[in-house]
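Residue numbers (my numbering): 685 to 756. For every residue, glycine included, the Cβ atom is placed at its ideal position computed from N, Cα and C. Quick caveat: nothing in here was measured; it's all calculated off a predicted structure. Input: a single structure, listed below in structure tokens.
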Amino acid sequence: MDEQDDGWIATTASALLAAEYERVPIDALTVRRPKLSLETAYRVQKAAVSLRIADGARVVGHKAGVTSQAMM
Numbered sequence: 685m686d687e688q689d690d691g692w693i694a695t696t697a698s699a700l701l702a703a704e705y706e707r708v709p710i711d712a713l714t715v716r717r718p719k720l721s722l723e724t725a726y727r728v729q730k731a732a733v734s735l736r737i738a739d740g741a742r743v744v745g746h747k748a749g750v751t752s753q754a755m756m
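Shown next, in the form of structure tokens:
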């Protein structure tokens, strides 16, 4: 991780939120950065959530994926 990654993460998080607000599609993150690591993708997600919170949103729960046999 370096400053270049940090800049890309911030720019990408902002682009994701802008696309959501404007209701327009954007390229998948793996198109924008083909060798995107899982760690960096989660950092983008964290940055996007932080921006939403700074804009007045609040976290009110969690997403639970139902993909395991134990949950079905």
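What is the residue span of the alpha helix (DSSP H) that residue i lies within?
{"i": "Gly711", "result": "Sequence check: residue 711 is Asp here, not Gly. Note, Asp711: premise wrong, no alpha helix (DSSP H); not H, not E."}
{"i": "Ser734", "result": "722 to 738"}
Using alpha carbons as the reference points, say which of the options lies closest to residue i.
{"i": "Thr714", "options": "Asp739, Ala748, Thr696, Gly740", "result": "Thr696"}
{"i": "Ala725", "options": "Glu687, Ile693, Lys747", "result": "Ile693"}
{"i": "Gln729", "options": "Ser698, Lys719, Glu687", "result": "Ser698"}
Below 8 Å on the Cβ atoms is my contact criterion, and I expect residue i with residue j to pass it. Report the Cβ-Cβ distance as a whole number of Å.
{"i": "Ala741", "j": "Leu700", "result": "14 Å between Cβ atoms; not a contact."}
**Message:** Under 8 Å, with one C-beta from each stretch per pair, do the stretch 706 to 713 and the stretch 730 to 746 reach the 3-pair mark?
**Reply:** With the cut-off at 8 Å, the stretch 706 to 713 and the stretch 730 to 746 do not touch.
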